[in-house]
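If you read the sequences in order, they're chains A and B. Position 257 of the first sequence, counted from 1, bears residue number 257 in the numbering used here, the numbering being contiguous throughout. Positions in the second sequence are counted from 1; adding 1000 to them yields the numbering used here.
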Amino acid sequence: MTEPAATLLQVDHLTMRFGGITAISDLSFTAKRGDITAIIGPNGAGKTTVFNCLTGFYQPTVGRLELTHQNGKRFLLERMPDFRIARDAHVVRTFQNIRLFAGMSVLENLVVAQHIALTRASGYAVAGLLHLPVYRKAERRAVEQARYWLDKMGLTASADQLAGSLPYGFQRRLEIARAMCAGPVLLCLDEPAAGLNTRETDELSGLLLDIRKEHGLSILLIEHDMALVMEISDHVVVLDHGACICHGPPAKVRADPAVISAYLGTPEDEAIALTRGSR
Amino acid sequence: MAAADRQRPPFVAMLRDSALAAVVAALLAVPLLGVRLVDNAGGLTLDYRLPLVLYAAAAVFAGRLLLSLAGHFLAPSFRDMTVSLPRMPRNSLIIVGWVLVAAAVLLPWMPFAERNLVDKLTLILIYVMLGWGLNIVVGLAGLLDLGYVAFYAIGAYAYALLSMHFGLSFWICLPLAGLMAALFGVALGFPVLRLRGDYLAIVTLGFGEIIRVVLLNWQAVTNGPNGITGIERPTLFGLSFSRAADGPTFAGFFGIEFSPVHRVYFLYYLILALALMTTLFAQRIRRLPTGRAWEALREDEIACRSLGMNPVTVKLSAFAIGASFAGLAGSFFATRQGFISPESFSFIESATILAIVVLGGMGSQIGIVLAAVLLVGLPEWFRDLSEYRMLVFGGAMVLIMLWRPQGLLSRREPTILLDPKPASAGATVP
């Protein structure tokens, strides 16, 4: 901790209970500005629940989620409704099962993502209805911004097609492009490589590194593809049964016996040996 | 396998299916056709008409069997038959739109135009405007509203009461009525923010009934079932369309002979202008962030929230703007009729407007015109056959759902193109 602004996200004692089930118990971790932080863990470990708490779709039972912008402005995410987290704190997410506006064109998806800026420019529809130049200029800017991301994601040729008619890999990329058009400070990606083939996954990792470098973005990543996680992340948080069992740089996490046993399971005698060794 | 089936039709299965249908028909026919209450000298007795029940069952049996046979032998299968219209290029739809507008403007001057026709067209245009207004709520924002007629009623009563008590003119009341309806739209919107689909439809249905029942029972304000009579007629810049008035009259000002037809034509042009305003507004707002947010909300509310849109303002703006157009149409209705009562705002009106939107193809402006002509115009012309109206209405709906479930004309145009061609840039489809 050299300077206070180095920490982007500070999660303290996050606990989420659904009735009698504890999905996350007392989870604490930090994500540094400019880092790619990965959250991994077996199925049902509570990874997506962490995302839902961060982006306001769930109200955490206990805990404090503090986000600090570059300019020192702080946001307590657990107290904000979901749309304000995206609008004011600039935390934008993608979804495990892709959520595009399927009946709208690819370009429209990217323009809708710039809703907040465009609504202001359209004078809450008044300037837009009158077709004033101030709105026309803002709309052109929005299209240029969309075109930039279309080019980057290789979607320019499909710009005027329906988003729902795109092949699966394209839809994944479009969802990331849409999130980027919303101008995030922290981008939360929920299994961006799910369902992609090896080549597409390689492209994705190059793309994420590229986005981070060019846009000074911080990324929070849930992923099952270990090769991808180990390749691109700076910091890995491993969850099992809602608790953090290990965190650190990829190399450390990969060698941790608790992580190996959580993923692979362990024969009984080895497990006993492991727990003894760790005590 | 399908080929083998086709060679040897499963007659036994078909017969069994037809027999089952016949039994259902017979069961239904017993209370509907089989018994009749007769008023005899000795009191009420029941008259049994067994043959009718048998006829009905036989008719259903034969029909069902024929349908199965036809479905079996006719390829492609009867069920899969959907009518596909040729895909018209975007520009030709714009041309069709402008031709329709020109025809509507010129029509009263045609030799065949007479008062009756213009009157009927005025009625159709009211429904076209209501359809275009409801389309904002249902077609764009995807909020199924079964109580749209409530806003129409609010607009009508707002004008009638304001003009009666405060002597305000039609032109002042028109925006006020729209505003009033928009306020009620927000008032309805608030409690139903969390509801979607069927649940929303039921609550809006209830809201429509609440408004009607209040109008019916709040005797002191609305004069209950007797309605409000003698509503002031609209003027053209202060020129009255009466034979004699306190101020200048239209006929007197232009030095022409008085004719009651003048008012009919004036009302026609008035509703035409209001309806065109509605569609131009809808076309324009679709291309603005507000309209795109409505469509995005229809597609996926959770994704909208994850991008920073406040679903409350998005939904309420759709309800308010949709409702305000119904309010405008309502005050036009009041000034045209000169008399309103709660009877004019029953659920069947909401159902008709929704049917127009669905039949026309959600989001299609020209489709709604077509559907309004079919659903409102045809029953007006075939008044003699009015006994069969609901039968034809239901039949037509079933056929449309079988053959064109997406509506007569429905093709969504993107609101923005990456590299718009100069030919289609900035044009609007009326």
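A virtual CB, placed ideally from N, CA and C, is assigned to each residue, including glycine.
Of all Cβ atoms in chain B, is any one closer than 8 Å to the Cβ of residue i?
| i | result |
| --- | --- |
| PHE75 (chain A) | no |
| ASP160 (chain A) | yes |
| ASP82 (chain A) | yes |
| SER165 (chain A) | no |
| THR37 (chain A) | no |
| LYS213 (chain A) | no |
| THR55 (chain A) | yes |
| GLU191 (chain A) | no |
| LEU67 (chain A) | no |
| VAL92 (chain A) | yes |
| ARG87 (chain A) | yes |
| SER105 (chain A) | yes |
Can you have a look at residue i and say buried or exposed, based on whether 16 or more other CB atoms are within 10 angstroms of its CB?
| i | result |
| --- | --- |
| LEU1129 (chain B) | For clarity, residue 1129 (chain B) is Met in the given sequence; the question names Leu instead. Buried. |
| ALA159 (chain A) | buried |
| ARG99 (chain A) | buried |
| GLY1167 (chain B) | exposed |
| ARG1036 (chain B) | exposed |
| ASN52 (chain A) | buried |
| TYR58 (chain A) | buried |
| GLU139 (chain A) | buried |
| PHE1237 (chain B) | exposed |
| HIS235 (chain A) | buried |
| ASP1145 (chain B) | buried |
Provide the residue span of the beta strand (DSSP E) that contains residue i, from first to last.
| i | result |
| --- | --- |
| ARG93 (chain A) | 91-93 |
| ALA23 (chain A) | 21-32 |
| THR68 (chain A) | 62-68 |
| PHE18 (chain A) | 7-18 |
| ASN1040 (chain B) | 1035-1040 |
| GLY1238 (chain B) | First-last for GLY1238 (chain B): undefined, no H or E at that position. |
| THR49 (chain A) | Taken as a continuous stretch (DSSP letters only), THR49 (chain A) belongs to no beta strand (DSSP E), being part of the alpha helix (DSSP H) at 47-54. |
| ILE40 (chain A) | 36-40 |
| ASP190 (chain A) | 186-190 |
| LEU220 (chain A) | 218-222 |
List the endpoints of the continuous alpha helix (DSSP H) containing residue i.
| i | result |
| --- | --- |
| MET1362 (chain B) | Counting along the chain, MET1362 (chain B) falls outside any alpha helix (DSSP H), and DSSP gives it neither H nor E. |
| GLY169 (chain A) | 168-181 |
| THR1222 (chain B) | 1219-1222 |
| VAL1023 (chain B) | 1011-1029 |
| HIS241 (chain A) | Element bounds for HIS241 (chain A): n/a, residue is neither H nor E. |
| VAL1312 (chain B) | 1311-1337 |
I'd like to know whether the C-beta of residue i is nearer than 8 Å to at least one C-beta of chain A.
| i | result |
| --- | --- |
| ALA1303 (chain B) | yes |
| ASP1119 (chain B) | no |
| ASN1310 (chain B) | yes |
| ASP1300 (chain B) | yes |
| GLU1295 (chain B) | yes |
| PRO1405 (chain B) | no |
| LEU1015 (chain B) | no |
| ILE1353 (chain B) | no |
| THR1122 (chain B) | no |
| THR1290 (chain B) | yes |
Which of helix, strand or coil does DSSP assign to residue i?
| i | result |
| --- | --- |
| PHE75 (chain A) | strand |
| GLU1257 (chain B) | coil |
| ARG973 (chain B) | Residue 973 (chain B) is absent from the model: chain B starts at 1001 and stops at 1430. |
| SER122 (chain A) | coil |
| THR1278 (chain B) | helix |
| LEU1146 (chain B) | coil |
| TYR1048 (chain B) | strand |
| HIS1072 (chain B) | helix |
| VAL236 (chain A) | strand |
| THR1428 (chain B) | Per-residue confidence for THR1428 (chain B) stands at a pLDDT of 41, beneath the threshold of 50, marking its modelled position as unreliable; the derived number appears in the next sentence. If DSSP states are grouped into helix, strand and coil, THR1428 (chain B) belongs with coil. |
| GLY164 (chain A) | helix |
| VAL82 (chain A) | Per the sequence shown, the amino acid found at residue 82 (chain A) is Asp instead of Val. In the structure shown, ASP82 (chain A) sits in a helix (DSSP, three-state: H, G or I). |
| SER1163 (chain B) | helix |
| PHE1078 (chain B) | The predicted position of PHE1078 (chain B) is uncertain, since its pLDDT is 49 and thus under 50; no value can be drawn from it. |
| THR1415 (chain B) | coil |
| LEU1271 (chain B) | For the sequence presented, residue 1271 (chain B) should be read as Ile rather than Leu. Residue state, collapsed to three classes: helix. |
Is residue i near the ligand GDP, with its Cβ less than 7 Å from a heavy atom?
| i | result |
| --- | --- |
| ALA127 (chain A) | Looking for the ligand GDP in the displayed structure turns up nothing, as the structure carries no ligands at all. |
Against chain C, does residue i count as a neighbour if the rule is that its beta carbon must be under 8 Å from one of theirs?
| i | result |
| --- | --- |
| HIS115 (chain A) | Absent from the structure is chain C; the protein chains it does hold are A and B. |
Inset, instruction - Assess, as a yes-or-no matter, whether the segment 69-85 of chain A is touched by the segment 131-140 of chain A under the definition of 3 or more beta carbon pairs within less than 8 Å. - result: No, the segment 131-140 of chain A is not in contact with the segment 69-85 of chain A.
Inset, instruction - Indicate whether the contact test is met: 3 or more Cβ pairs, each with one atom in the segment 1323-1335 of chain B and one in the segment 1146-1158 of chain B, closer than 8 Å. - result: Pairwise C-beta distances place the segment 1323-1335 of chain B in contact with the segment 1146-1158 of chain B, as three or more of them are shorter than 8 Å.
Inset, instruction - Pair every Cβ in the segment 1212-1232 of chain B with every Cβ in the segment 1364-1381 of chain B, then say whether three or more of these pairs are closer than 8 Å. - result: These segments do not touch.
Legend entry - the segment 1180-1190 of chain B touching the segment 1302-1316 of chain B, judged by at least three CB pairs closer than 8 Å: Yes, the segment 1180-1190 of chain B is in contact with the segment 1302-1316 of chain B.
Legend entry - Stretch pair the segment 168-175 of chain A + the segment 192-204 of chain A: three plus CB contacts closer than 8 Å: These segments touch.
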